[in-house]
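Working notes for the structure below.
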Amino acid sequence: MTSKATILDWTARQLISDEAMMDVLSRKYGSASGISVIDPSSLGVVVEGTVRAPRKDIQRGMASLSTEKVLVPLNCGGNHWCAILMDLSKGECYVYDSTASSYISSVRAVAQTMLDLLPPGAHKTFRARIYDPGLGIQSDNYNCGIYVLLAFEIFCEAEPLGLVNRSMLQCMRYRYLRMCL
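Every letter in the sequence shown is one number past the one before it in UniProt numbering, and letter 148, counting from 1, is 148.
Structure follows, in structure tokens:
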């Protein structure tokens, strides 16, 4: 059941919560073959590129990964969503920040930690690259989570949307709310 707080996340002009992000991702990709979502709470909070969870815990959580696409939403400092996107079948790793801000260096450091902890059978890349889903640069301070969700969809083979505007972002918020009801 979706909580009132989660409904407020989707309808208000505010950053979406970890709970709302994971609710949509689990509903959208929970049973999808070839796609794994890593809960950001299992990594700890990203602060200046550090991961608070012990490396062994992260490694254990990633032990079953082999050839799938891996989606990792990251709530940086509790005020901005970024993402790590991996395609293990191609050995690719990307980082995404809708504002092209300095958060990207922290996200890249987390991605590198995750790459170092991939299981031996996974096809590894040497570095994380910037991901550009073609959505444009975020111009407000609250839709970063929507941009991340759209980037995940495009990465997982959805049709590109092109540049998004405020009304399209609001429509996407309601679309994600409907997924949660």
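From the three backbone atoms N, C-alpha and C, an ideal C-beta is built for every residue, glycine too.
Rounded C-alpha distance that separates residue i from residue j
i      : j      : result
Leu177 : Leu169 : 12 Å
Met62  : Pro73  : 15 Å
Asp18  : Leu117 : 23 Å
Ile35  : Gly77  : 26 Å
Leu88  : Leu161 : 25 Å
Arg173 : Leu150 : 11 Å
Val164 : Glu157 : 18 Å
Asn75  : Met179 : 21 Å
Tyr131 : Lys56  : 28 Å
Phe152 : Arg108 : 17 Å
Ala32  : Glu68  : 10 Å
Ile154 : Asp140 : 21 Å
Where residue i sits in the DSSP three-state scheme
i      : result
Ala20  : helix
Ile130 : strand
Leu25  : helix
Pro41  : Pro is not the amino acid found at residue 41; the sequence shown has Ser there. Note: Ser41 maps to helix in three-state DSSP.
Ile7   : helix
Element boundaries [alpha helix (DSSP H), containing residue i]
i      : result
Ile58  : Arg55 to Gly61
Ala12  : Note, Ala12: premise wrong, no alpha helix (DSSP H); not H, not E.
Ile104 : Tyr103 to Asp116
Gln170 : Arg166 to Cys180
Leu149 : Cys144 to Phe155
Nonlocal neighbours in the same chain, by C-beta distance under 6 Å from residue i, ignoring five residues either side
i      : result
Tyr142 : Arg13, Gln14 and Leu15
His80  : Tyr103 and Cys144
Val148 : Pro73, Trp81 and Ala83
Val37  : Leu25, Tyr29 and Leu71
Residues near residue i by beta carbon distance below 8 Å, same chain, minus five either side
i      : result
Gln112 : Arg127 and Ala128
Ile58  : Ser42, Leu43, Val51, Thr113, Met114 and Leu117
Extent of the continuous beta strand (DSSP E) run through residue i
i     : result
Tyr96 : Glu92 to Tyr96
Ile84 : His80 to Asp87
Val72 : Lys69 to Cys76
Ser36 : Ile35 to Val37
Close Cβ partners of residue i (< 7 Å) along its chain, the five nearest in sequence each way excluded
i      : result
Ala122 : Leu65, Ser66 and Leu88
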